[in-house]
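Asker: Dumping the structure here so I can ask a few things about it.
Protein chains in written order, with the numbering used here: chain A, 53 to 275; chain B, 15 to 402.
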């Protein structure tokens, strides 16, 4: 027997999810995913104290490997256009992959996932409908958006420097610390931005940054 | 008892009223079984010497039939025919199945039934084409020998149920065409008697005082809280798995009926019964095989298919979590304006405004029009959305 389904759903907090969001339901599906669908209602006070009460029809597919794997979320009411932040299959692109990974680290239940990613995303869209801008900002699409995210993650303005940091995070600690710091200070990483690089490397692993480096380097992948 | 509690019970009663079939349909079903039994006992029947005994089985026997979800869906009738004077060693499973099949085909012809009789792994199916669509699955079997009954008793089953154990035929069985003492074993009649005992826990004491009347009332007319709870649970299951794509993943009625009857503790209050049944059902699922044993033959596992398809167990738990949440949601929605929509989504039942008004009519006017507030958050910062 694989780890019991009951145990998995308990860890994911399925009962709590259904109790807190009375308009969401479990939807039977043909594969091993847990499918959740229905209306997600929320009331959010955003960064500038604007309060928005709204609801969206959504569908989540939570794979058995959750929370290591991020659920796919789609908006089924046809309100959010394809040109907004979506993946090719129409699912919502909630955040840059590295940010998702970082925040997923503390996310163990479906409710926590919805509240950390889905509601902020939907609130962001509602806010944008009303005010024309996104309350938390938006990333550009594709590779540029990833570089933009890494620049803010490493605290630099220059996207080329961000790329350098990603490369160093994909290397072993010692040689990385000896390399010149990508911020342009002229010092070695070990005497400059080493804290953030080492912290992220130990959190997400070198191979994660290697794959991200591929993703942001021109001509290397499909982004 | 709170007003809300009473209103919730009235709500469940109203839903059940929508699910109930007319008593005449139960009577019609009973007549079908009788008619088949009489056919098998007519002088020229090839089975008359073996003393055939036909008894109803399934939801028509248990009194848990619902109106089908779609108008063109059929009602399933089940019965069991024990050939009391036949034993396993007298013939092969195949010979019994075919002997019985010829009588069933003869019955269909004699009654002008146009649709062909079809053979299934264990039973024969007769198709009726009346104004009400029925099909009848009839299961031929022989009594289990003493050794078989003792095996069942050895598993902790009381003699009264164990003596109803039967040997059935199954086309998939490796001994199907051999004379062999190894026939598949089952105990549908033992289960039915056990079930009736569980349902009787909830019969109002008044019903017991008129003893003669009690004995004349078939279990399908008792309408105890157990039977009514099972109707609600089955309906909820039908609605949740109504998409044809996932219909085969729905928890089977026998699993729901079995678990509900075990979990039931004689509550006469429908709301209480339903809540307790749903809370306690999981306690009766074993971690190992048999996962959901027949109480009248614990070697028989109603969840046998879970071994071969993990999705079936997953579906069961998803249904269970959903029905549990829906009961809480419905009870919280009494008088908040969302009840009508929630009843529709959980049971696909359309309650009229009059029915809705009656739920709270006897209590103080607590009807609020605003539904529960959406969860509120303060989100000062959040991920920026990205895209490929």
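Quick reminder that beta carbons are idealized off the backbone N, C-alpha and C, glycines included.
1) Output needed in chain order: residues of the stretch 197-208 of chain A with a Cβ under 9 Å from some Cβ in chain B.
2) At what residues does the beta strand (DSSP E) containing residue 138 of chain B begin and finish?
3) At which residue ranges does the stretch 163-227 of chain B contain complete alpha helix (DSSP H) runs of 4 or more residues, listed in the order of the chain?
4) Name, in chain order, the residues that DSSP records as bridge partners for residue 91 of chain A.
5) Give me the chain B residues within the contact set of residue 57 of chain A, using Cβ-Cβ distance strictly less than 9 Å, ordered along the chain.
6) Could you pull the DSSP bridge partners for residue 89 of chain B from this structure?
7) So is residue 21 of chain B buried or exposed if we call it buried at 16+ other beta carbons inside 10 Å?
8) Residues in the same chain with beta-carbon distance under 7 Å from residue 205 of chain B, minus the five sequence neighbours each way, listed in chain order, please.
9) Just grab the DSSP bridge partners of residue 154 of chain B for me.
10) May I ask you to report which of helix, strand or coil DSSP gives residue 369 of chain B?
11) Using the Cβ count rule (16 or more neighbours within 10 Å means buried), how would you classify residue 137 of chain A?
12) With DSSP run on the structure shown, which of helix, strand or coil describes residue 81 of chain B?
13) Taking 8 Å as the threshold, find out whether the stretch 157-171 of chain A comes into contact with the stretch 88-104 of chain A through three or more Cβ pairs.
14) Is there a Cβ of chain A sitting closer than 9 Å to that of residue 400 of chain B, yes or no?
15) Per DSSP, what kind of secondary structure is residue 302 of chain B in: helix, strand or coil?
16) Checking contacts by CB at 9 Å: is residue 185 of chain A closer than that to chain B?
17) How would you call residue 349 of chain B, buried or exposed, if buried means at least 16 neighbouring beta carbons within 10 angstroms?
18) Quick check: what's the CA-CA separation for residue 189 of chain A versus residue 399 of chain B?
19) Should residue 95 of chain A be flagged as near chain B, meaning a C-beta pair shorter than 9 Å?
20) Would you mind working out which of A:153, A:126, A:167, A:267 sits nearest residue 391 of chain B, comparing C-alpha positions?
21) Measuring straight from C-alpha to C-alpha, what distance separates residue 148 of chain A and residue 78 of chain A?
22) Quick check: what's the CA-CA separation for residue 136 of chain B versus residue 130 of chain B?
23) Determine the chain B residues that contact residue 194 of chain A at a beta-carbon separation under 7 Å, and present them in chain order.
24) If I follow the unbroken alpha helix (DSSP H) through residue 54 of chain B, where does it start and stop?
25) Quick one, which of A:249, A:104, A:62 has its alpha-carbon nearest residue 86 of chain A's?
26) Hey, out of A:59, A:65, A:57, A:71, whose CA is closest to residue 338 of chain B's CA?
27) Does residue 260 of chain B have its Cβ less than 9 Å from a Cβ in chain A?
28) I believe residue 248 of chain B touches residue 80 of chain B by the beta-carbon criterion, under 8 Å. Please report the beta-carbon distance rounded to the nearest angstrom.
29) Using a Cβ cut-off of 9 Å, pull out every chain A residue sitting near residue 25 of chain B, in sequence order please.
30) Would you report the Cα separation of residue 64 of chain A and residue 160 of chain A, rounded to the nearest angstrom?
31) Checking 9 Å against the spacing of the C-beta atoms, do residue 7 of chain B and residue 317 of chain B come in under that value?
32) Does any C-beta atom of chain B lie closer than 9 Å to the C-beta of residue 138 of chain A?
33) Spell out whether any CB of chain B is found under 9 Å from the CB atom of residue 72 of chain A.
34) Using a Cβ cut-off of 7 Å, pull out every chain A residue sitting near residue 392 of chain B, in sequence order please.
35) Quick check on residue 103 of chain A: buried or exposed, where buried means 16 or more other Cβ atoms within 10 Å of its Cβ?
36) On the three-state DSSP scale, how would you describe residue 72 of chain A?
Answerer: Reading it off the structure:
1) 197, 198, 200, 201, 204
2) 138-143
3) 173-176, 202-214, 219-223
4) A:109
5) 324, 327, 328, 330, 331, 332
6) B:148
7) buried
8) 308, 309, 310
9) B:95
10) helix
11) buried
12) coil
13) yes
14) yes
15) coil
16) no
17) buried
18) 8 Å
19) yes
20) A:167
21) 27 Å
22) 17 Å
23) 402
24) 37-54
25) A:62
26) A:71
27) yes
28) 6 Å
29) The premise fails here: residue 25 of chain B is roughly 16 Å from chain A at the closest Cβ pair, so nothing lies under 9 Å.
30) 6 Å
31) What the structure shows of chain B is the stretch from 15 to 402, and residue 7 of chain B is not part of that stretch, so it cannot be assessed.
32) yes
33) yes
34) 97
35) exposed
36) helix
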